[in-house]
Amino acid sequence: AIVIASLLFTYVALSKEYVIDNYTLTWTAAELPTTSLLIEKTEEKLRVIMRKKSGISFDSIYLSPDEARDLGGALSRANEFYTKQKDTKIDITEVVKVGTYAVTFLTSPKNGFSIVIRQSERFAMGGLVLDRKEALAMSEQLQDIVEKAHFLNNAIKL
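What follows is the structure in structure tokens.
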């Protein structure tokens, strides 16, 4: 009886109850040479992060899954804006609004064509700068981002 009581006490003492809180789970949903698409799940939210390597650091934007899908739609128009702007002798800027973000398609004779994604707020700094090929590749990855986000949210129930 002493052996059984000792084993039972050892089992109870070793079996602790763990609680998972204050967590962040990040899934790399797509990785291109300089740009990554991440889906991040925390206790409070589910968000999509588009991250671009910029020198030794990273520039990032944070979107809801729906905003990310809509951003993909805007980025898929890169060829349309490129064709319209390519032979310009002056700076041209066209903006497409996506939720709280502005996607700016710009061409200058000096710097060529690029796409800048940043918060729509007035005087917003930072954001991501993509070239046409990066924008088109990322737009493909964003087409089913809502489904990927729901998959992650349902697969990890904490």
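Numbering of the sequence shown is given in this note's numbering, commencing with residue 20 and proceeding in unit increments. Don't be surprised by glycine CBs; every beta carbon is placed ideally from N, CA and C.
Query raised in the report: Between F100 and G74, what straight-line distance do the alpha-carbon atoms span, to the nearest angstrom?
Result: Indexing the sequence shown from 1 puts residue 100 at position 81. Indexing the sequence shown from 1 puts residue 74 at position 55. One Cα belongs to F100, the other to G74, and the distance between them is close to 27 angstroms.
Query - Span of the beta strand (DSSP E) around G131 - result: The sequence position of residue 131 within the sequence shown is 112, counting from 1. Start and end: 131-138.
Query raised in the report: According to DSSP, is R88 helix, strand or coil?
Result: Taking the sequence shown and counting its residues from 1, one reaches residue 88 at position 69. DSSP, reduced to helix, strand and coil, places R88 within a helical segment of the structure shown.
Query - Exposure label - P52; buried when at least 16 CB within 10 Å - result: Against the sequence shown, residue 52 aligns to sequence position 33. Burial call: exposed.
Requested in this report: May I ask you to report which of helix, strand or coil DSSP gives T102?
Outcome: Position 83 of the sequence shown, counted from the first residue, corresponds to residue 102. DSSP, reduced to helix, strand and coil, places T102 within a helical segment of the structure shown.
Query raised in the report: Per DSSP, what kind of secondary structure is L161 in: helix, strand or coil?
Result: One-based indexing of the sequence shown puts residue 161 at position 142. Three-state result, L161: helix.
Query raised in the report: Is it right to say K64 is buried, meaning 16 or more other beta carbons lie within 10 angstroms of its own, or is it exposed?
Result: Translated into positions along the sequence shown, residue 64 becomes position 45. Result: exposed.
Query raised in the report: How do the segment 104-113 and the segment 75-90 stand: do at least 3 beta-carbon pairs fall below 8 angstroms, yes or no?
Result: In short, these stretches do not touch, since the Cβ pair count stays below three.
Report task. Ignore the nearest five residues each way along the sequence and tell me which others in F124's own chain have a CB closer than 6 angstroms to its CB. Result -> The sequence position of residue 124 within the sequence shown is 105, counting from 1. In chain order, F100, E113, I134 place their CB closer than 6 angstroms to the CB of F124, counting only its own chain and leaving out the 5 sequence neighbours on each side.
Query raised in the report: Looking at the unbroken beta strand (DSSP E) that takes in L44, where does it start and where does it end?
Result: Counted from its first residue, the sequence shown places residue 44 at position 25. Per DSSP, L44 belongs to the beta strand (DSSP E) from 43-50.
Report task. Tell whether a beta-carbon distance below 8 angstroms holds between G146 and D78. Result -> Here residue 146 corresponds to residue number 127 of the sequence shown, with the count starting at 1. Here residue 78 corresponds to residue number 59 of the sequence shown, with the count starting at 1. Closer than 8 angstroms, so yes.
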